[in-house]
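So the mapping is simple: the numbering used here equals the position in the sequence shown, first residue as 1, plus 137.
Built from N, CA and C at the ideal position, the CB exists for glycine as well.
Structure first, then comments.
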Amino acid sequence: MLQMEALPIRKYCDDPYVEYSGRWVDNWFSNLKAIGAPVRFRGFETNTLEFAYVAAKNPEMSHAIQGGRVLTFAEAVFQAETAAEAKKMGLGVQSGRWKFTCLAAMDSFQRQRWAPVPGNEVWVQKLLDEAQAGPIIEWNNWSDLRWGVCVERSRGRNALGLLLSSIAQEIVETGELQQYPDEDTWPQRQAELIEKLSSMFPESLSAKDLAKTSQASLF
């Protein structure tokens with residue numbers, strides 16, 4: 138079993154164009170935004186992926202008592218009023234297996250979100266357009282080197298960006314998107330993802346490299 142740290146940290150563009158919402162970098166594909174197809178997890182359904190991802194960290198953990206009944210962590214997360222609140226609930230929470238499944242969980246939920254199904258055409262096309270323009274990068278200014286690339290350091294694993302690039306590639310090549318909802322398969326799936334994502338792009342991507350990247354080289 139592999140942890141996300143097995144993904145290489147890469148050097149990206151030193152002068153990226155990024156958009157901000159207030160003080161924070163604002164990616165249009167943020168997990169905190171209600172876009173794409175519905176995402177399902179253990180009987181719950183949401184239009185905002187962050188709820189499912191946070192709930193998957195330790196879904197069966199006892200969390201709170203409501204109406205004389207103990208809520209599981211997953212139940213409590215899906216009752217959060219906002220995605221930001223759900224994200225805050227997940228800080229510091231994880232199960233013993235989470236580090237070996239977090240990448241596969243994210244992949245599973247992203248695949249549901251970007252599924253090429255009726256009603257989701259606009260969002261799928263937006264993702265494909267983003268991938269055609271160059272490697273998808275989850276820029277951030279909160280020092281997240283695991284899921285994205287920090288704008289101040291121009292370095293990161295960019296796991297979310299790589300997942301989205303891989304998903305776009307699969308849609309272009311097959312017109313479909315295979316789903317991986319079975320949690321029991323996630324440890325093996327994560328190992329496969331790390332091997333695939335590690336070889337997707339060069340170890341270092343300079344501004345010049347990014348400018349030259351085309352759909353042909355991505356797909």
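Taking just the CA atoms, how far does residue 313 sit from residue 252?
-> One Cα belongs to residue 252, the other to residue 313, and the distance between them is close to 7 Å.
Between residue 356 and the rest of its own chain, which residues show a CB-CB distance below 6 Å, the 5 nearest in sequence each way excluded?
-> Bear in mind that the predicted position of residue 356 carries a pLDDT of just 33, short of 50, making it too unreliable to give a figure here.
Which first and last residues belong to the alpha helix (DSSP H) in which residue 180 is found?
-> Per DSSP, residue 180 belongs to no alpha helix (DSSP H) and is neither H nor E.
Count the other CB atoms within 10 Å of the CB of residue 206; is the residue buried (16 or more) or exposed (fewer)?
-> Its Cβ having fewer than 16 others within 10 Å, residue 206 is exposed.
Name, in chain order, the residues that DSSP records as bridge partners for residue 161.
-> DSSP, once it has assigned bridges, lists 158 as partnering residue 161.
Is there contact here, the region 208-228 with the region 183-195, by at least three beta-carbon pairs under 8 Å?
-> Yes: the two stretches touch, three or more of their Cβ pairs being nearer than 8 Å.
Are three or more beta carbon pairs between the region 230-242 and the region 318-336 nearer than 8 Å?
-> Taking a cut-off of 8 Å on C-beta distances, the region 230-242 touches the region 318-336, as three or more cross pairs fall below it.
Buried versus exposed, by CB contacts within 10 Å (16 or more), residue 344 | Unreliable positioning characterises residue 344 in this predicted model, as indicated by a pLDDT of 49, which lies under 50. The coordinate reading is nonetheless provided below. Flag for residue 344 reads exposed.
Should residue 155 go down as buried or exposed, given a rule of 16 or more other Cβ atoms within 10 Å for buried?
-> Counting Cβ neighbours within 10 Å, residue 155 comes out exposed, since fewer than 16 surround it.
Is residue 228 buried or exposed, if buried means 16 or more other CB atoms sit within 10 Å of its CB?
-> Residue 228 counts as exposed, since fewer than 16 other C-beta atoms from the protein chains shown sit within 10 angstroms of its C-beta.
Exposed unless 16 or more other CB atoms sit within 10 angstroms - verdict on residue 272 = So residue 272 counts as buried.
Cβ shell of residue 208 (< 6 Å), same chain only, five flanking positions each side left out | If we look at residue 208 and ignore the five residues flanking it on each side, its Cβ neighbours are 200, 201.
To the nearest angstrom, report how far apart residue 235 and residue 321 are at their CA atoms.
-> Going by the C-alpha atoms only, they are around 12 Å apart.
Going straight from the alpha carbon of residue 288 to that of residue 222, what length do you get?
-> Straight-line Cα distance between these residues: approximately 25 Å.
Would you report the Cα separation of residue 299 and residue 337, rounded to the nearest angstrom?
-> Straight-line Cα distance between these residues: approximately 8 Å.
Determine the direct distance from the alpha carbon of residue 274 to that of residue 162, and round the result to whole angstroms.
-> Between residue 162 and residue 274, the C-alpha separation is close to 12 Å.
Exposed or buried, what is residue 247 when buried is set at 16 or more other beta-carbons lying within 10 Å of its beta-carbon?
-> Burial of residue 247 is indicated by the presence of at least 16 other C-beta atoms within 10 angstroms of its C-beta.
Using the beta-carbon count (16 or more within 10 Å), is residue 138 buried or exposed?
-> By the 10 Å Cβ count, residue 138 comes out exposed.
Does DSSP put residue 306 in a helix, in a strand, or in coil?
-> Assigned with DSSP and collapsed to three states, residue 306 falls in helix.
Answer with buried or exposed for residue 171, where buried requires no fewer than 16 other C-beta atoms within 10 angstroms of its C-beta.
-> Label assigned to residue 171: exposed.
What alpha helix (DSSP H) runs, 4 residues minimum, are completely inside the region 258-282?
-> Runs of the alpha helix (DSSP H) spanning 4 or more residues and lying entirely within the region 258-282 occur at 258-270, in chain order.
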